[in-house]
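Novice: In our numbering, the protein residues as written are 243 to 550.
For every residue, glycine included, the Cβ atom is placed at its ideal position computed from N, Cα and C.
Please find one structure pasted underneath; my questions will follow.
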Ligand code: FAD
């Protein structure tokens with residue numbers, strides 16, 4: 243119930259104004275977000291790479307209703323990619339992109355605009371020798387996001403895409419995408435999903451996650467296991483062994499600020515681990531989803547507000 247309320251609030255302008263203007267201790271937001279501009283995010287990237295981790299950077303933003311802002315987000319990504327190369331970081335860092343930040347929801351030609359902007363970002367990534375992964379958002383966007391991914395993969399076969407275990411359709415999507423060279427990030431799903439589209443109970447989502455993992459690990463693609471859940475991490479490792487995957491044939495992914503000790507533990511055990519590093523001033527939606535995932539985060543946030 244609390245999760246659903248927080249996720250609904252993540253789209254609510256009045257709540258957004260309250261949260262953004264609350265005297266929130268920077269510590270709460272800073273735990274999950276690397277900074278408000280690219281400088282601190284690149285510094286965090288350098289630090290994580292030096293610890294043997296890989297990185298995917300997210301220039302925060304979503305639900306863009308304005309064409310200029312979509313273009314500005316595209317430009318922020320292309321600038322970020324050239325800065326990654328200038329600072330010698332592009333070998334271990336890629337970028338994650340939400341299509342709704344580059345125009346997917348614009349009223350006319352939204353999908354086409356998003357695809358063109360994503361294409362420009364993929365080109366910039368290829369120039370500096372790295373890749374892009376398309377994040378997955380509300381369940382209503384899944385068909386459009388997968389269709390755009392299919393188009394982009396014609397020119398950029400290493401483009402990654404995210405699938406959400408919470409959706410009923412995802413097992414079939416996993417089967418379709420478990421092909422040679424296909425990079426698939428499997429997550430549980432951070433959005434509200436109606437009953438007709440997805441599983442409601444956490445244990446059902448967990449079981450679906452395991453079924454999807456089986457398909458991806460037994461297939462020919464490159465699974466990216468995005469979870470902090472110790473059981474899922476263990477099962478993924480066992481499946482990788484069962485299917486004879488060497489450690490460069492899959493990777494674990496976790497979010498910046500969540501279970502950092504586990505990130506380092508896995509890396510020092512020889513696993514590939516990529517950290518998702520978000521930055522930017524459009525942190526509200528991302529931050530609310532992190533609160534929704536864990537009631538303890540809400541208590542921490544409320545305590546910080548009250549202590550001001
Ligand atoms: P859970 O069962 O939620 O959590 C397991 C344990 O992890 C918890 O017990 C706790 O110890 C820790 N934990 C989890 N979340 C938090 C938190 N917020 N704060 C503190 N501790 C926490 N979702 C999408 O819908 N689309 C995407 O494109 C997407 N991309 C992602 C990329 C990466 C790299 C990762 C790691 C997640 C992504 N997610 C995305 C979010 C994902 O769907 C889940 O909402 C999130 O990862 C929590 O699920 P979990 O698998 O960690 O398991």
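1. Between which two residues does the beta strand (DSSP E) carrying residue 375 extend?
2. Apart from the five residues on each side of it in sequence, which residues of its chain come closer than 6 Å, Cβ to Cβ, to residue 273?
3. Assess contact between the segment 281–301 and the segment 471–485, defined as three or more Cβ pairs (one per stretch) separated by less than 8 Å. Is contact present?
4. Check each candidate in 485, 516, 511 and name the one with the smallest Cα separation from residue 493.
5. Could you pull out every residue in the same chain whose Cβ sits closer than 7 Å to the Cβ of residue 325, ignoring the five residues on either side in sequence?
6. Out of curiosity, what's the CA-to-CA distance linking residue 469 and residue 406?
7. Is the closest heavy atom of the ligand FAD to the C-beta of residue 569 under 6 Å?
8. Could you say if the segment 250–258 and the segment 524–533 meet the contact criterion of at least three C-beta pairs nearer than 8 Å?
9. In three-state terms, what does DSSP make of residue 420?
10. When you compare only the Cα positions, how much space is there between residue 401 and residue 424?
11. Determine, using beta carbons only, whether residue 416 and residue 458 come nearer to each other than 7 Å.
12. Which ranges would you report for the beta strand (DSSP E) in the segment 331–414 if only whole runs of at least 3 residues count?
13. Decide if residue 414 is buried, meaning its Cβ has at least 16 other Cβ atoms within 10 Å, or exposed.
14. Could you tell me which residues DSSP pairs with residue 491 in its beta bridges?
15. Beta carbon of residue 489, beta carbon of residue 504: below 7 Å?
16. Is residue 463 near residue 426, with beta carbons less than 7 Å apart?
17. Could you tell me the boundaries of the alpha helix (DSSP H) in which residue 298 lies?
Specialist: Taking the structure as given:
1. Counting along the chain, the beta strand (DSSP E) containing residue 375 begins and ends at 374–376.
2. Excluding its 5 nearest sequence neighbours in each direction, residue 273 has C-beta neighbours in its own chain below 6 Å: 499, listed in chain order.
3. no
4. 516
5. 280, 284
6. 11 Å
7. The structure shown does not extend to residue 569, since the chain is modelled only from 243 through 550, so no value can be given for it.
8. yes
9. coil
10. One Cα belongs to residue 401, the other to residue 424, and the distance between them is close to 8 Å.
11. yes
12. 335–339, 374–376, 402–406
13. With fewer than 16 other CB atoms across the displayed protein chains lying within 10 angstroms of its CB, residue 414 is exposed.
14. In the DSSP output, where bridge partners are listed per residue, residue 491 has none listed.
15. Going by C-beta atoms, residue 489 is not nearer than 7 Å to residue 504.
16. yes
17. Element bounds for residue 298: not the alpha helix (DSSP H) but the beta strand (DSSP E), 296–301.
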